[in-house]
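Scroll down for the structure; my scribbles are underneath it.
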Amino acid sequence: MSFTVAIDGPAAAGKGTISKAVAAHFGFAHLDTGLLYRAVGAKVLAGASPIEAARALDPVDLEDDSLRTPAVAQAASEVAVIAQVRDALVDFQRNFAARGQGAVLDGRDIGTVVCPLADAKLFVTASPERRATRRFDELVAKGMDVALDDVIADVKERDARDRNRAASPLVPADDAYMLDTSDLTIDQAIAAAIAIIADRMS
Ligand code: CDP
């Protein structure tokens with residue numbers, strides 16, 4: 199039996215860390231779908247056309263360390279409004295979800311568009327301040343030279359663009375479990391996510 203977990207939410211809510219831990223706990227494969235949009239955004243920054251870059255995307259493109267920079271995050275959210283870019287990336291995500299015994303996909307539209315029939319859906323949120331501070335700490339830990347005010351502005355701008363776009367906007371699926379991580383440690387957030395998914399399995 200294949201089991202699909204969809205984890206969506208706004209920027210820096212903790213989706214990535216929770217998804218990795220959940221996948222490891224259940225022995226599932228994990229796909230960070232933001233990397234697909236970041237890889238397309240990086241190619242556009244290098245001069246490519248967004249739709250062609252999305253159509254030509256190679257899984258190896260997802261392994262580039264430079265995809266984590268704020269500039270690439272902005273470029274990702276700009277290409278993510280283009281319906282043809284999203285269409286070009288859907289099959290890759292659905293094929294990933296269908297393979298093997300189980301998969302965790304995290305992003306913005308997994309529970310609504312990519313895998314509307316997912317077995318468990320979580321929508322992970324946190325206050326904008328908490329999210330921006332966490333992202334700032336992550337970028338500093340990676341050795342990047344960033345200012346907190348710029349990180350706050352980046353997160354707000356991307357959230358607004360992701361929520362207001364016509365194609366697959368950031369919105370919780372009707373049947374998603376809402377997990378607010380503002381006042382949770384990462385271990386508490388992971389434990390809560392595992393409990394929700396285990397409940398859906400039984
Ligand atoms: O890590 P963070 O939450 O900041 O961002 P990400 O998940 O790497 O996604 C980067 C950008 O890609 C987002 O701001 C969205 O615009 C876009 N994205 C999307 O539109 N749909 C997805 N399933 C995943 C990401």
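Note that our numbering has the sequence shown beginning at 199, numbered continuously upward.
Note that beta-carbon positions come from the ideal geometry of N, C-alpha and C, so glycine has one too.
So what does G207 bridge to, in DSSP terms?
-> Paired residue(s): none; G207 is not in a bridge.
When A221, T267, V258 are compared against L243, the one with the closest alpha-carbon: T267
Counted within 10 angstroms of its Cβ, other Cβ atoms place T383 as buried (16 or more) or exposed: exposed
To the nearest angstrom, report how far apart R361 and A345 are at their CA atoms. Roughly 24 Å separates the two Cα atoms.
Worksheet item: For T267, which of helix, strand or coil comes out of DSSP?
Response: coil
Quick check on F334: does DSSP put it in helix, strand or coil?
helix
Notebook entry, point to check: How would you write the range of the beta strand (DSSP E) that G156 sits in, first residue to last?
Noted result: Not covered by the structure: residue 156. The range shown for the chain is 199 to 400.
Exercise. Looking at C-beta atoms only, is the number of pairs between the region 273–288 and the region 236–254 that lie closer than 8 Å three or more?
Worked result: yes
What residues match up with K319 in a beta bridge as DSSP calls it? A204
Tell me whether P208, by its Cβ, gets closer than 8 Å to a heavy atom of the ligand CDP.
yes
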